[in-house]
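Residue numbers (this note's numbering): -19 to 551.
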Ligand SMILES: Cc1ncc(C[n+]2csc(CCOP(=O)(O)OP(=O)(O)O)c2C)c(N)n1
Ligand SMILES: [Mg+2]
């Protein structure tokens, strides 16, 4: 007997429910790659009038990096998907990077049917176990009825507390099982981050304010938490109130505009310089904000030196506080709210100690650092110096452009010398794991997240080799993004390590130089190859102005021969 119409409509398939739940949380774009186990999900995407865009990628790694780039610049959850087995293993690198970088990315994998488990079914692997240590939250579904609850939990986990990645595995039969329509609802505010802010304990706010008032040389070191919480204005207000320098980690760039008189720039072993380090070393109070005080930022916990300064540590994640330094005041909470509370607390009562010398010290440090840089950037030597590339790129780009930097030459050079002219996420890198081959896909995601803004990926030739398949995706979608390849025929970062740490015993780090412009042209990307520094400005200008995908292949001085802002090599 046929069911009455109402009850048929009252039930959705699992796959349909997933689509509806994504929509209910405000998802607009899904990055992914098809597979056998994903067929019901794809069919639901094909049939339902959901209005979401699906961006087909050429590698699941890229899909996850796209979702990451999208989330970093849009303030929304990024969503990626891939099929069982190999698809899941390929999605993993992007999920772990997002999770460790506190970026909300939902990875959906499809899976073999629940009924096929344990039978040597093609692609079978324990996707829950695979993702468990790498995600903030993770579920493998066993029945369709759980889909709405599980998806609500995933969005809640990704965008509250410390943002992070979630994974949901959808077995084939679960995608076909029944879900009550009445259960299919979501809170769209959980599709954005930070979704539910937590204010810090007023007791510790007062203690921190007391230390700030009395410090002779306070210094802020900001990780990603300021930008993630949207607390830039509150940070700048606080820094100005104290006339205290603001340093950032690589992930913290955009906390304060680089041309602000109190902005010191990036500190640490990757992108920091002796000049910026000197300001860290004179601090008697360090306020870490949304920062893990990890190995790179602190040059392996040497700057600041343990015991050198009082420490106020503000983070949304209580586990971070005290992990690396003995903390005088722990502040657990949302960056924006905590900074506002500190401002409020300092508003009344005694005035902070006057420290008129700080702005001058920062100015001097920055002048010294950039004097060295500018001399190298002006060089007309062939091969082109990385300094020249950064300087020309800074000249050619508008202030609101979004730049993504891969490891190798791009990350230290851009974080040290590329001026971030404004606040918010304008320059970023995959600093949790620094896996090669991130920037091209992250720039694609950023483009979808902020369609009106010029997105640029800067990669080494090593990274290009990891990711070049996505040139087709870029062409298919006619994305007006610009790719810059630092071509040096070497895994330069590692060769530099062999040079300084292993008496130049170079081993298995060199490869052939590829004509990346020709590769790009074969995909249909408008491209330029530049070997002469005098031609660089013109090529960059043309590439950035080109209305479609563009690539500039720049034959560069190898990193191990350059004066990179990497403290281990400088020493
Ligand atoms: C997936 C992955 N494998 C290995 C590494 C180790 N690694 C760090 S930098 C680097 C070399 C980068 O080479 P390239 O992209 O050509 O940039 P260059 O240093 O030459 O500018 C390598 C191999 C890594 N970061 N990621
Ligand atoms: Mg290289």
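The beta carbon of each residue, even a glycine, is placed where N, CA and C say it ideally should be.
A quick note: this is a predicted structure, and the numbers were derived from the prediction, not measured.
{"Check": "Unbroken stretches of the beta strand (DSSP E), 3 residues or longer, contained in the region 448 to 472", "Outcome": "462 to 467"}
{"Check": "Residue 318 to residue 228 span [Cα, whole Å]", "Outcome": "18 Å"}
{"Check": "Any non-hydrogen atom of ligand 2 closer than 7 Å to residue 70 Cβ", "Outcome": "no"}
{"Check": "Residue 64 versus 30, 298 and 101, residue with shortest Cα-Cα distance", "Outcome": "101"}
{"Check": "Assigned exposure category for residue 314 - 16 Cβ within 10 Å defines buried", "Outcome": "buried"}
{"Check": "Under 8 Å between C-beta atoms of residue 531 and residue 424", "Outcome": "no"}
{"Check": "The region 200 to 208 contacting the region 235 to 254, beta-carbon criterion three pairs below 8 Å", "Outcome": "yes"}
{"Check": "Residues bridged to residue 435 [DSSP beta-bridge criterion]", "Outcome": "382"}
{"Check": "CA nearest to the CA of residue 556, picked from 390, 280 and 209", "Outcome": "This structure does not reach residue 556, given that the chain is present from -19 up to 551, and the question cannot be answered."}
{"Check": "Residue 74 vs residue 119 beta-carbon contact at 8 Å", "Outcome": "no"}
{"Check": "Sequence-distant residues of the same chain with beta carbon closer than 6 Å to residue 308, five excluded per side", "Outcome": "290 and 291"}
{"Check": "Rounded C-alpha distance that separates residue 545 from residue 193", "Outcome": "34 Å"}
{"Check": "Opposing strand residues paired with residue 61 [DSSP bridges]", "Outcome": "12 and 88"}
{"Check": "Residue 13 versus residue 241: straight-line alpha-carbon distance, rounded", "Outcome": "47 Å"}
{"Check": "Close Cβ partners of residue 517 (< 6 Å) along its chain, the five nearest in sequence each way excluded", "Outcome": "372"}
{"Check": "DSSP three-state assignment for residue 409, whether helix, strand or coil", "Outcome": "strand"}
{"Check": "Same chain only: Cβ atoms within 6 Å of residue 434, ignoring 5 sequence neighbours per side", "Outcome": "381"}
{"Check": "For residue -6 and residue 156, believed in contact at Cβ under 8 Å, the rounded distance", "Outcome": "6 Å"}
{"Check": "Distance between residue 153 and residue 92 (C-alpha atoms, nearest Å)", "Outcome": "8 Å"}
{"Check": "Host alpha helix (DSSP H) of residue 227 (start-end)", "Outcome": "Where residue 227 is concerned, there is no enclosing alpha helix (DSSP H), although the beta strand (DSSP E) it sits in stretches over 226 to 228."}
{"Check": "Ligand 2 heavy atom lying under 7 Å from the CB of residue 471", "Outcome": "yes"}
{"Check": "Every unbroken beta strand (DSSP E) inside the region 155 to 241 [3 residues or more]", "Outcome": "158 to 160, 198 to 202 and 226 to 228"}
{"Check": "Continuous alpha helix (DSSP H) stretch holding residue 67: start and end", "Outcome": "66 to 80"}
{"Check": "Distance cut-off 7 Å: residue 363 Cβ against heavy atoms of ligand 1", "Outcome": "no"}
{"Check": "Any 3 or more C-beta pairs closer than 8 Å across the region 470 to 484 and the region 445 to 456", "Outcome": "no"}
{"Check": "Whole-Å CB distance - residue 40 paired with residue 413, under 8 Å assumed", "Outcome": "In fact, because the Cβ distance is near 16 Å, the residues do not count as touching under 8 Å."}
{"Check": "Chain-order list of residues whose beta-carbon lies under 7 Å from that of residue 499 (same chain, five-residue window excluded)", "Outcome": "448"}
{"Check": "N-terminal and C-terminal residue of the beta strand (DSSP E) that residue 141 is part of", "Outcome": "Note, residue 141: premise wrong, no beta strand (DSSP E); not H, not E."}
{"Check": "8 Å CB neighbourhood of residue -11 in its chain, flanking five on each side removed", "Outcome": "161"}
{"Check": "Buried versus exposed, by CB contacts within 10 Å (16 or more), residue 249", "Outcome": "buried"}
{"Check": "Continuous alpha helix (DSSP H) stretch holding residue 54: start and end", "Outcome": "40 to 54"}
{"Check": "Nearest candidate by alpha-carbon position, reference residue 151, set 103, 135 and 164", "Outcome": "103"}
{"Check": "Residue 123 - DSSP class collapsed to helix/strand/coil", "Outcome": "coil"}
{"Check": "Cut-off 8 Å between Cβ atoms - residues of its own chain near residue 436, not counting five sequence neighbours on either side", "Outcome": "373, 377, 381, 382, 383, 384, 423, 461, 462, 463, 464 and 524"}
{"Check": "Closer than 7 Å: residue 416 CB and nearest ligand 1 heavy atom", "Outcome": "yes"}
{"Check": "Per DSSP, the bridge partner or partners of residue 487", "Outcome": "In the DSSP output, where bridge partners are listed per residue, residue 487 has none listed."}
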